[in-house]
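Reading through the structure tokens given below for one structure.
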Amino acid sequence: MKTLFNTINDLKKEIKNEELQKKLDFLEEAFRKLRTKTGLKGLVRKKKLRKVLRDVEYEEELIRLQIELIKLQNWVFENKKRVMIIYEGRDAAGKGGAIKRFTEHLNPRKYRVVALPKPTEVETGQFYFQRYFKHLPDPGEVVFFDRSWYNRAIVEPVFGFCTPEQYEKFMMEVPEIEHALIDDGMIMIKFWFSISKETQKKRFEERMKNPLKQWKLSPVDKKAQELWDEITHYKEEMFSKTHTSYSPWIIVNSNDKKTARLESIRYVLSQIPYDGKKDAKVSLHPDPDIVQRYHRKNLQID
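Note that my numbering has the sequence shown beginning at 1315, numbered continuously upward.
Here it is in structure tokens:
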């Protein structure tokens, strides 16, 4: 590989044609990517060259964004800010994978991931939001909610886990509760990871075949395809009644998991004025074709 680089450098010195120079630069960069750990691993597994290069580009961009997340976390801690990021979406939409990339290199003492199990008998009799309030971020902390109180907006009514009265009460209360939290200084971001029905089916099939992922399948997951249209109905109701100017829904197209991870991180970085932001060596402007604010008209989502 070293000999190839030397040959390319010799050619660049000899060739004066600008177009050929660009092609040599491209070739040199491609070889550099193939020499990385991810690149070599892809070659050993006999992946297509284009796929290997794309994987390397993803890993390198992810690292640059994760460096910015560390700066953001330090700013949150030093300024005693409270940040909560909610991840919602259909089953297999990639919420957990995105959270994993968000937190991969963060200081574990300064963040938490909250993924609550079904409520206990005692919690069922409590004020609905009470079990979630216990997990709100403390000053200087970021909390990632892998699903949230919005279970009552979609999952619970679809599967009969709450009464119509409880559902209506929740839909009326949640905008005011979020307004109160934000008014108290909470920084809140609400993501909806959006996938197509075909993508969800494909991911379920992959989980069934992969013994390392079978634990992700639940009885609820198995009915997700069958109840697709009903979930769509409640999702649209949720957006209509809980999307507000102070707490908007941010839609992430997650049919491509890796792109969704990068662009959702980019969105969070773009929204918080952390120290060192101007020195970032990566774009902090999310792709509007992947991440966009919910609009009541002319927005096609799953």
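All C-beta atoms in this analysis are idealised placements derived from N, C-alpha and C, irrespective of residue type, glycine included. Treat the numbers as computed from the prediction; the structure is a model and nothing was measured.
Counting along the chain, no beta strand (DSSP E) covers Arg1580; the unbroken alpha helix (DSSP H) around it starts and ends at 1571 to 1585.
Excluding residues up to 5 positions away in sequence, Met1552 lie with their Cβ nearer than 6 Å to the Cβ of Ala1467 in the same chain.
When the alpha-carbon of Val1390 is set against those of Phe1505, Met1502, Pro1533, Glu1455, the nearest one is in Glu1455. With contacts defined by Cβ atoms closer than 7 Å, Ile1501 and Leu1379 do not form a contacting pair.
With fewer than 16 other Cβ atoms inside 10 Å of its own Cβ, Leu1526 counts as exposed. Rounded to the nearest angstrom, the gap between the Cα atoms of Phe1473 and Lys1432 is 13 Å.
Unbroken beta strand (DSSP E) stretches of 3 residues or longer found wholly inside the region 1462 to 1508: 1500 to 1508, given in chain order. Distances from the CA of Phe1416 to each of Asp1460, Pro1451, Val1436 were compared; the closest alpha carbon is that of Asp1460.
A distance below 7 Å between beta-carbons, with the five flanking residues on each side excluded, links Gln1585 to the following residues of its chain, in chain order: Ile1503. Take Gly1403, set aside five residues on each side of it, and the residues of its chain with a beta-carbon closer than 6 Å to its own are Lys1409, Trp1506, Phe1507, in chain order. Counting only runs of 3+ residues, the beta strand (DSSP E) found wholly inside the region 1379 to 1425 occupies 1396 to 1403, in chain order. Between the region 1561 to 1580 and the region 1594 to 1604, the count of C-beta pairs closer than 8 Å reaches three or more; the two stretches touch.
By the Cβ test, the region 1541 to 1556 is in contact with the region 1484 to 1494, since at least three Cβ pairs between them sit closer than 8 Å. Distances from the CA of His1493 to each of Lys1530, Tyr1560, Asn1393, Asn1388 were compared; the closest alpha carbon is that of Tyr1560. Cβ-Cβ distances below 6 Å link Lys1511 to Trp1542 in the same chain, with the five nearest sequence neighbours on each side left out; the list follows chain order.
The beta carbon of Thr1350 lies closer than 6 Å to those of Val1370 in the same chain, with the five residues before and after it left out. According to DSSP, residue pairing for Glu1455 in a beta bridge involves Arg1396. A distance of 7 Å or more separates the beta carbons of Arg1521 and Lys1515. Linking His1547 to Asp1570 through their CA atoms gives a straight-line distance of about 24 Å. Arg1607: member of the beta strand (DSSP E) spanning 1605 to 1607, first to last residue.
Secondary structure of Asp1543 (DSSP, three-state): helix. In this structure, the straight-line span from the alpha carbon of Tyr1446 to that of Glu1437 is close to 10 Å. When DSSP states are grouped into helix, strand and coil, Asp1460 belongs to the strand group.
The continuous alpha helix (DSSP H) containing Val1436 extends over residues 1435 to 1438. Contact between Gln1606 and Ile1565 holds: CB atoms are separated by about 6 Å, below the 8 Å threshold.
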